[in-house]
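Presented below is the structure to which this report refers.
Number of protein chains: 2
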Amino acid sequence: MAGVRRRVPRQADVARLAGVSQATVSAVINGRARESGIPEQTVRRVEDAVRQLGYVANAAARSLKGKGNRLIGVHSFESMFPIDQLDFYHEFLTGIEQQAVADGYDLVLFASTESADGRRHIYRDGTNRLALADGSVLIGVEHNASDLARLAGEGYPFVHIGRRTVPGADISWVSADYATATADIVARLAGLGHRRIGYITCADRVDVHLDKEAGYRTGCAAAGLPELMYVIDPGHVDDAWLDAVLATGLTALLLEGAEIATLVAALLDARGLTVPGDLSAVVLVNLPAVGAPRWSSLRIPRNEMGRVAVKLLIDLLADPAPAPARHVLLPCEQLDDITIGPPKG
Amino acid sequence: MAGVRRRVPRQADVARLAGVSQATVSAVINGRARESGIPEQTVRRVEDAVRQLGYVANAAARSLKGKGNRLIGVHSFESMFPIDQLDFYHEFLTGIEQQAVADGYDLVLFASTESADGRRHIYRDGTNRLALADGSVLIGVEHNASDLARLAGEGYPFVHIGRRTVPGADISWVSADYATATADIVARLAGLGHRRIGYITCADRVDVHLDKEAGYRTGCAAAGLPELMYVIDPGHVDDAWLDAVLATGLTALLLEGAEIATLVAALLDARGLTVPGDLSAVVLVNLPAVGAPRWSSLRIPRNEMGRVAVKLLIDLLADPAPAPARHVLLPCEQLDDITIGPPKG
DNA sequence: TCCGGTCGCTGATACGAATCAGGAGACGGT
DNA sequence: ACCGTCTCCTGATTCGTATCAGCGACCGGA
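Residue numbers (numbering that gives the first Met the number 0), protein chains in the order written: chain A, 0 to 344; chain B, 0 to 344.
Right, here's the structure in full:
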């Protein structure tokens with residue numbers, strides 16, 4: 000850092016240098032020069048002064064006046080770059096960044112809101128730090144319904160990545176169309192001749208799980224198949240449980256997540272059962288590269304979700320009137336067919 | 000965003016409800032009640048009013064009043080979340096985020112500065128968007144010396160990740176101690192009996208490469224070994240080249256990067272030579288999980304570099320006087336020994 | 001009775017940018 | 001000479017919060 004650390008220049012400094020008033024500087028900077036009847040020559044003088052001083056508008060002052068500062072917040076309810084979830088946030092962020100680049104926005108990653116337990120809060124010490132940004136994209140499997148409701152109640156513009164329903168609040172979100180994807184998979188299996196398709200899920204279900212469940216039901220109904228749902232506690236699944244499940248004559252399995260898939264894969268393996276030889280299987284999430292069986296799965300369009308969330312948010316920002324919440328469902332591809340086959344026997 | 004958009008309450012509203020002045024509300028909210036001599040009873044009245052109205056401090060007004068935004072910028076000279084460089088930025092960002100969390104800062108990822116060619120600039124239209132943040136961390140293998148010099152000249156506080164020397168400017172940076180690590184590896188190989196240790200590098204060397212080169216020279220000098228440097232153009236390396244190199248009696252190789260390592264590995268493989276049986280090899284970068292030979296390599300402490308960069312920046316921010324640039328070298332571990340062995344024969 | 005000293009607050013002001021009402025000066029018309 | 005109009009700009013005010021100087025009331029001591 001060479002040289003003297005001069006005070007950050009303000010509009011007043013620019014004005015002094017250009018020999019005009021602060022109000023004129025503001026007009027020029029905000030492109031209101033023409034309509035304010037400021038001649039080209041003065042505009043140039045101001046612009047030169049801006050360049051010479053390296054003036055940049057103070058974000059706080061700008062948003063205090065109710066103006067945007069081309070800043071989009073990104074808030075997650077846990078650390079954004081955790082080692083063990085590298086892929087998870089990364090893909091969303093990629094999409095978010097791409098769209099921000101395209102629209103000329105910068106991103107604010109809210110990190111200051113983390114409390115001692117590692118959770119992140121929207122409201123902290125009575126302040127809503129998100130207010131610094133023009134609007135925010137919220138991501139997170141976890142969520143704090145009351146914070147979300149409060150944020151929506153304040154009229155703060157935000158878009159949630161992942162479907163979220165909060166009683167009493169209408170929230171804009173972008174989600175993957177799990178329901179349709181799941182129903183399609185059921186249809187596909189039914190088309191191959193499967194008559195008894197099971198769905199294994201976990202006990203603490205949030206919105207995203209409910210979507211898949213609904214899709215499963217729809218798919219079964221459409222194909223005239225029975226619903227065979229198994230709500231399990233991953234800690235208490237053993238051979239006996241598998242026996243009971245297989246005894247019902249299942250020929251195909253949908254599995255809610257990577258953890259469940261890993262568990263079931265181990266049990267099947269111990270039993271000497273093969274996939275898809277003995278049983279077809281599809282996992283309803285993006286599988287991590289390691290630590291999960293290599294089964295057919297869904298491709299959740301995380302990059303697109305990030306992009307669309309930002310696009311949607313910018314739409315909301317452009318609309319000065321309080322617009323109704325908007326919801327976007329993005330199609331969810333089914334990834335390869337390696338563990339889908341005809342029913343055995 | 001449902002419902003009536005009622006005005007967000009301010010301190011004045013709280014004050015009216017509690018029957019005190021706005022200044023009193025401010026004092027209570029900022030924990031200055033005791034020192035301002037406000038009795039417990041009044042504090043409670045104010046707190047009740049805060050709860051009743053759901054008052055939340057306006058972050059913009061707050062930081063307008065204070066001097067900083069508690070915003071740290073992160074600028075890279077290319078897209079921050081590129082698919083093909085996932086690991087590269089990710090680890091730095093992890094460290095940066097961790098330290099930001101620890102110190103209660105938020106991060107601004109500058110995305111708006113990207114031009115059509117995908118490069119990112121500090122100065123756009125003559126203005127410096129980085130000024131939005133209190134200070135910034137710059138990352139990037141590429142760099143624009145004149146932009147850096149200008150930024151330093153303006154007195155803008157920043158820390159570069161990776162050693163950078165720019166003529167005429169004194170730049171704070173955090174780097175890995177490549178020189179020591181490289182010298183150590185040479186010493187280690189010499190200790191195993193190697194007498195002819197080669198160093199293969201590329202033509203367009205920047206600061207980081209020069210550090211390793213210096214370390215190599217130091218190591219050779221300390222062990223009394225000859226310097227055997229090969230500056231190659233990755234596009235023009237073939238069997239003939241390998242013949243020439245091997246003819247000099249090399250028993251160990253240091254390789255500048257993953258690309259060079261991959262290339263040499265292919266040539267050795269074609270020749271039926273094994274590592275470390277025929278030749279010991281160490282790569283002087285973090286190797287990617289795929290697309291490179293699994294050779295011994297350096298572990299570049301990217302996470303720590305990110306953390307220390309933020310810490311250093313916050314130090315600089317805390318110091319109102321123009322501090323001299325500061326430089327930090329972090330130790331660089333050598334990762335496993337799988338391709339290091341005694342010289343053949 | 002008057003002075004000095006807390007206590008418990010309040011009023012005024014500053015932060016930096018946006019906005020609006022208005023004003024000085026030039027110019028043309030009568 | 002006077003009015004109206006147009007051009008080009010300025011002063012004053014606003015946003016919500018933090019902070020500081022200071023003020024009235026009350027109390028104890030002389």
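Think of the CB as a built atom: it goes at the ideal place given N, C-alpha and C, for glycine as much as any other residue.
Nearest-angstrom Cα separation, counted from residue j out to residue i
i                            : j                         : result
leucine 92 of chain A        : alanine 110 of chain B    : 12 Å
alanine 221 of chain B       : alanine 178 of chain B    : 13 Å
histidine 326 of chain B     : isoleucine 299 of chain B : 17 Å
arginine 69 of chain B       : valine 307 of chain B     : 17 Å
glycine 290 of chain B       : leucine 108 of chain B    : 29 Å
serine 295 of chain A        : tryptophan 172 of chain A : 27 Å
phenylalanine 157 of chain A : leucine 312 of chain A    : 6 Å
leucine 315 of chain A       : alanine 322 of chain A    : 7 Å
alanine 99 of chain A        : tyrosine 88 of chain A    : 16 Å
valine 73 of chain A         : histidine 74 of chain B   : 17 Å
tyrosine 198 of chain B      : leucine 227 of chain B    : 6 Å
glycine 340 of chain A       : alanine 324 of chain A    : 42 Å
alanine 251 of chain A       : leucine 328 of chain A    : 27 Å
alanine 14 of chain B        : arginine 149 of chain A   : 21 Å
isoleucine 37 of chain B     : glutamine 97 of chain A   : 51 Å
serine 135 of chain A        : arginine 31 of chain A    : 27 Å
leucine 241 of chain B       : leucine 253 of chain B    : 14 Å
alanine 144 of chain B       : tyrosine 104 of chain B   : 28 Å
aspartate 232 of chain A     : glycine 248 of chain A    : 22 Å
lysine 66 of chain A         : alanine 60 of chain B     : 13 Å
leucine 131 of chain B       : cysteine 219 of chain B   : 48 Å
Buried or exposed by the 16-neighbour rule on C-beta atoms within 10 Å, applied to residue i
i                         : result
proline 225 of chain A    : exposed
histidine 159 of chain A  : buried
serine 114 of chain A     : exposed
isoleucine 170 of chain B : buried
alanine 151 of chain A    : buried
isoleucine 337 of chain A : exposed
threonine 23 of chain A   : buried
valine 284 of chain B     : buried
threonine 112 of chain B  : buried
glycine 234 of chain B    : exposed
serine 279 of chain B     : buried
aspartate 318 of chain B  : exposed
valine 140 of chain A     : exposed
glutamate 303 of chain A  : buried
Among the options, nearest to residue i - alpha-carbon criterion
i                        : options                                : result
glutamine 123 of chain A : B:Asn29, B:Val263, B:Gly36, B:Val281   : One detail in the question is off: residue 123 of chain A reads as arginine in this sequence, not glutamine. For the residues B:Asn29, B:Val263, B:Gly36, B:Val281, the minimum Cα distance to arginine 123 of chain A belongs to B:Asn29.
valine 230 of chain A    : A:Ser78, A:Val244, A:Leu272            : A:Val244
leucine 63 of chain B    : A:Gly248, A:Arg9, A:Leu252             : A:Arg9
glycine 276 of chain B   : B:Gly344, B:Ala239, B:Gln333, B:Cys331 : B:Gly344
leucine 129 of chain B   : A:Gly53, A:Lys66, A:Leu129             : A:Gly53
alanine 202 of chain A   : A:Glu34, A:Glu212, A:Thr273            : A:Glu212
aspartate 116 of chain B : A:Arg118, A:Ala101, A:Leu106           : A:Ala101
glycine 192 of chain A   : A:Gly223, A:Arg162, A:Arg163           : A:Gly223
Pair within 7 Å by beta-carbon distance, residue i and residue j
i                         : j                         : result
leucine 137 of chain B    : valine 165 of chain B     : no
methionine 181 of chain A : tyrosine 155 of chain A   : First, the residue type needs correcting, since residue 181 of chain A is threonine and not methionine in the sequence shown. Not a contact, by the Cβ cut-off of 7 Å.
threonine 126 of chain A  : alanine 26 of chain B     : no
valine 55 of chain A      : alanine 17 of chain A     : no
valine 185 of chain B     : isoleucine 196 of chain B : yes
glutamate 255 of chain B  : threonine 217 of chain B  : no
isoleucine 95 of chain B  : glycine 305 of chain B    : yes
valine 282 of chain B     : alanine 264 of chain B    : no
proline 183 of chain A    : proline 330 of chain A    : Contrary to the premise, residue 183 of chain A reads as aspartate rather than proline in this sequence. Going by C-beta atoms, aspartate 183 of chain A is not nearer than 7 Å to proline 330 of chain A.
arginine 301 of chain A   : glutamate 90 of chain A   : yes
leucine 297 of chain A    : alanine 257 of chain A    : no
Backbone secondary structure at residue i - three-state DSSP
i                           : result
phenylalanine 87 of chain A : helix
glycine 152 of chain B      : helix
glycine 344 of chain B      : coil
arginine 195 of chain B     : coil
aspartate 105 of chain B    : strand
glycine 72 of chain A       : strand
threonine 126 of chain A    : strand
leucine 252 of chain A      : strand
serine 296 of chain B       : strand
valine 49 of chain B        : helix
alanine 175 of chain B      : strand
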